[in-house]
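This report concerns only the one structure given below.
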Amino acid sequence: MFDFLHKIRHPRLSKLGLVTKWRASRRHQVSATHLSTDISTQIPLLFLPFPEDTAGVLPVGFREASPTLEIVDILYEILHALRKTDLFHCAQVNHLWRTVAHDVAWRSSSSGGVGVRQLLSVLDEYSEKYSTPRFSVTLMPRSWNVLRRDYAPLICSLTLDLAHLSCSRWFLETISDTLTSPVHLPNLGKLHIILEQDPVQLSVVKQFFACTVRDLTVEVLSTNVTRRPLHVHTAGLIPVFWDPTISPDNNRSTEATLVLMSLFDAIREWMVGIAALQINIRGSHDMVLSWHPFVQMLLSLASLRSISLPGYALSRLLLAILSSHAQLRRVAIVKPRVDQRIAIDLEDASDALFTIPVYDLDGPSSSLEELALTVPIPEFTPYFTIHFDPYALTTLHLLFPGEVSERNSVKHAFLLIANQCPHLVDLRVLILQPEEHPWRIDYELLQPFRRYRTLASLDITSRFTTDLKEDEFIRLVSSWPMLKHLSLEGRDATPVHHAEKASLSLGTVVDVFAEHCPFITSFVFYTSMTLQAQSHPTYHSATARTRFASLEAGTLLIGFPITATAAEVAVYLQQSFTKLRLSKLTYQPVVRQTVSEGDLPLSWRMRRETLAKFAHEVASNLAKQQ
Numbered sequence: 316m317f318d319f320l321h322k323i324r325h326p327r328l329s330k331l332g333l334v335t336k337w338r339a340s341r342r343h344q345v346s347a348t349h350l351s352t353d354i355s356t357q358i359p360l361l362f363l364p365f366p367e368d369t370a371g372v373l374p375v376g377f378r379e380a381s382p383t384l385e386i387v388d389i390l391y392e393i394l395h396a397l398r399k400t401d402l403f404h405c406a407q408v409n410h411l412w413r414t415v416a417h418d419v420a421w422r423s424s425s426s427g428g429v430g431v432r433q434l435l436s437v438l439d440e441y442s443e444k445y446s447t448p449r450f451s452v453t454l455m456p457r458s459w460n461v462l463r464r465d466y467a468p469l470i471c472s473l474t475l476d477l478a479h480l481s482c483s484r485w486f487l488e489t490i491s492d493t494l495t496s497p498v499h500l501p502n503l504g505k506l507h508i509i510l511e512q513d514p515v516q517l518s519v520v521k522q523f524f525a526c527t528v529r530d531l532t533v534e535v536l537s538t539n540v541t542r543r544p545l546h547v548h549t550a551g552l553i554p555v556f557w558d559p560t561i562s563p564d565n566n567r568s569t570e571a572t573l574v575l576m577s578l579f580d581a582i583r584e585w586m587v588g589i590a591a592l593q594i595n596i597r598g599s600h601d602m603v604l605s606w607h608p609f610v611q612m613l614l615s616l617a618s619l620r621s622i623s624l625p626g627y628a629l630s631r632l633l634l635a636i637l638s639s640h641a642q643l644r645r646v647a648i649v650k651p652r653v654d655q656r657i658a659i660d661l662e663d664a665s666d667a668l669f670t671i672p673v674y675d676l677d678g679p680s681s682s683l684e685e686l687a688l689t690v691p692i693p694e695f696t697p698y699f700t701i702h703f704d705p706y707a708l709t710t711l712h713l714l715f716p717g718e719v720s721e722r723n724s725v726k727h728a729f730l731l732i733a734n735q736c737p738h739l740v741d742l743r744v745l746i747l748q749p750e751e752h753p754w755r756i757d758y759e760l761l762q763p764f765r766r767y768r769t770l771a772s773l774d775i776t777s778r779f780t781t782d783l784k785e786d787e788f789i790r791l792v793s794s795w796p797m798l799k800h801l802s803l804e805g806r807d808a809t810p811v812h813h814a815e816k817a818s819l820s821l822g823t824v825v826d827v828f829a830e831h832c833p834f835i836t837s838f839v840f841y842t843s844m845t846l847q848a849q850s851h852p853t854y855h856s857a858t859a860r861t862r863f864a865s866l867e868a869g870t871l872l873i874g875f876p877i878t879a880t881a882a883e884v885a886v887y888l889q890q891s892f893t894k895l896r897l898s899k900l901t902y903q904p905v906v907r908q909t910v911s912e913g914d915l916p917l918s919w920r921m922r923r924e925t926l927a928k929f930a931h932e933v934a935s936n937l938a939k940q941q
């Protein structure tokens, strides 16, 4: 564990003559206990200020206040060079090592982010049993003094995840009762809170609000998770898809609503300097009832430049209300997870949609650069032509709620986007076609986007696979030399027919990317397992192919025909993507899975079994090669 000591260069170590002794001791594999005893023998007076009954934390500023205690500086040099696992092993040596190790761990992680358990670990009363937080003795208000005095000034980033803290309600109530005043966090710039709609959790969280926060993320779990059918409710200020089985007079709902109202009011009062705000309220029912405090909070944040919200909240009404905000530049959609695509499930109350506002208002200011919007497609054209000037937009995320039955309406919307938003570099659109009358995204719909020479990301999510011929695909991709992400169908896209064959081959996709997209980092594509480009065999050139050095992730939606074996496909991918070990490449069959297994026709089941088996064989062969 101490092999690194002979490499340490520090003037105080040389001055005390300890480096030479450590180098000599390295030949005998000196233990941590031996090393500690040896140092204390040479400089016994250095340990006197640390009696064994001292509290288990080193006061911040101790080194500056006690320049004669050079052993503290020596320990800092040693412990800073250790891995975290070795650091906590050192903490078992004696009280001094434990004290300094604890302080070093805090200093090294305070800027990168402090969590709830680390926050509680500074309390002498705190302990854990079977990974469950608890207090071994009674917690008192003065117990928090060590946090307020020594550690709070160090915290730059704080994550308070109370929703997933496996503790009793009594534990949280104890914290709430003993935190009688807010903790002063003079350097806190980033705060992430995750809580349930619970007043006790909120009372704890509010004690860590600080006026210095510039980046705030709030996740509030839903009190009502349901899969019941939803109905449109239009009695309130905003029409919303509403679960009819949940009464607004329900006590639980009322309590949750009061929690949200109190949360929004506290943010407005304590954190007026927020520049980036992300709010994910997983439960539109309570969000609707808390709408007025929410809007008042947004309008009171004068420095707000970026806001991220769930798709159901990104209505035209909200954007109209925010039109008076002078600093706002970015309106985005919250994703539940980093790897999850934007989607709205109308069967889930947590993803209900604010729909058309009751009355018309002016649109947002033309200074907006990034916009995410949920709007019915019939209302999209008048919104983009009458109420809002999208000329300055560089990022546009559109969610069209419900099923879009008319292909021509999407064609008109795409053409309008291309004409009205000349500076787009990031475009994402969510469309759900009806299963009874399916239609597919094709070249005619995408052709207007060829004018975006600086396009970096294009993500079209639809219910069915895209219909693109190889010539059309080449014309599209060759128009986007700066492309980093491309997905023209959702990961759960399905063919229209069980015998459908993919019009794009794997060979074409790889070769066209190599030829025209040197910056590609991620993609989602539906291809056949054919390695030779069908329409343009001259494209296939392994020697001329670039090595996709920037690739980070990809998804291949495997379809018919399959003209190469799984082993050949694995070798081809390994040769094409030299950084495959560092990338996340997934393979999945394109099959219909929207009905239960018993109702799935035999033809679809056969397709799924064949493609799933092939995808598994490709993954197995690649694993063997790596």
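Residue numbers (the working numbering): 316 to 941.
Note that CB positions come from ideal geometry on N, CA and C, so glycine has one too.
It should be emphasised that the depicted structure is a prediction, and the values quoted were computed from it without experimental measurement.
List the residues that DSSP assigns as beta-bridge partners of residue i.
| i | result |
| --- | --- |
| Asp513 | DSSP lists no partner for Asp513. |
| Glu685 | Arg645 and Thr710 |
| Asn595 | Glu534 |
| Ile622 | Leu592 and Val646 |
| Ala868 | Ser837 and Lys899 |
| Lys505 | Ser472 and Asp530 |
| Gly874 | Ser843 |
| Lys894 | According to DSSP, which records beta bridges pairwise, Lys894 is partnered with nothing at all. |
| Pro448 | Glu443 |
| Ser772 | Asp741 and His800 |
| Glu718 | Leu747 |
| Val429 | Leu473 |
| Asp757 | Asp782 |
How many angstroms separate the CA atom of residue i from the CA atom of residue j?
| i | j | result |
| --- | --- | --- |
| Glu304 | Cys832 | Residue numbering for the chain in the displayed model covers 316 to 941; residue 304 lies beyond these limits and cannot be assessed. |
| Asp580 | Thr836 | 41 Å |
| Met612 | Gly504 | 19 Å |
| Leu575 | Pro448 | 26 Å |
| Glu787 | Ile594 | 40 Å |
| Leu872 | Leu888 | 14 Å |
| Ile775 | Arg755 | 11 Å |
| Val839 | Tyr698 | 31 Å |
| Leu477 | His607 | 26 Å |
| Arg790 | Ile636 | 41 Å |
| Leu500 | Leu506 | 11 Å |
| Ser724 | Leu633 | 24 Å |
| Tyr445 | Glu488 | 21 Å |
| Arg457 | Val498 | 12 Å |
| Leu604 | Leu713 | 25 Å |
| Ala590 | Ser615 | 12 Å |
| Asp757 | Glu867 | 27 Å |
| Arg766 | Ala687 | 22 Å |
| Leu761 | Leu798 | 15 Å |
| Leu708 | Ile648 | 15 Å |
| Ala814 | Arg923 | 11 Å |
| Thr925 | Ala817 | 15 Å |
| Ala829 | His800 | 14 Å |
With distance defined between alpha-carbon atoms, name the residue in the options nearest to residue i.
| i | options | result |
| --- | --- | --- |
| Val744 | Met797, Glu830, Ser491 and Gly626 | Gly626 |
| Leu494 | Leu454, Ser724 and Phe729 | Leu454 |
| Phe450 | Val461, Ser436 and Leu462 | Ser436 |
| Leu711 | Ile701, Pro608 and Glu685 | Glu685 |
| Gln940 | Lys894, Ala817 and Arg923 | Lys894 |
| Gly430 | Cys482, Val498, Ile508 and Ser442 | Ile508 |
| Leu735 | Thr700, Lys726, Arg806 and Leu510 | Strictly speaking, residue 735 in this sequence is Gln, with Leu absent from that position. Checking every option, the nearest Cα to that of Gln735 belongs to Thr700. |
| Asn502 | Val528, Pro514 and Leu517 | Val528 |
| Ser623 | Ser605, Leu531 and Asp704 | Leu531 |
| Gly805 | Pro904, His600, Leu517 and Ser630 | Pro904 |
| His310 | Ala641, Arg645, Val535 and Arg644 | Absent from the model: residue 310. The displayed extent of the chain is 316 to 941, so no value can be given. |
| Asp513 | Val461, Ser577, Gly428 and Ser918 | Ser577 |
| Gly822 | Lys816, Met844 and Lys899 | Met844 |
| Ser483 | Gln516, Arg766, Ile596 and Ser537 | Gln516 |
| Pro876 | Leu846, Gln762, Leu629 and Gly428 | Leu846 |
| Gly874 | Ile692, Ser518, Ser891 and His812 | His812 |
Give a single yes or no on whether residue i has its beta carbon closer than 8 Å to a heavy atom of the ligand NAD.
| i | result |
| --- | --- |
| Arg765 | Absence of the ligand NAD from the depicted structure is noted, as is the absence of any ligand whatsoever, leaving it without description. |
Contact the stretch 513 to 524 vs the stretch 469 to 483: 3+ CB pairs below 8 Å: yes
The stretch 783 to 802 / the stretch 762 to 773 touching (three or more Cβ pairs under 8 Å): yes
Length at least 4, wholly inside the stretch 774 to 860: the alpha helix (DSSP H) runs in chain order: 785 to 792 and 821 to 831
Three-pair Cβ contact test at 8 Å for the stretch 880 to 895 versus the stretch 917 to 936: yes
At least three beta-carbon pairs within less than 8 Å, the stretch 740 to 757 to the stretch 714 to 726: yes
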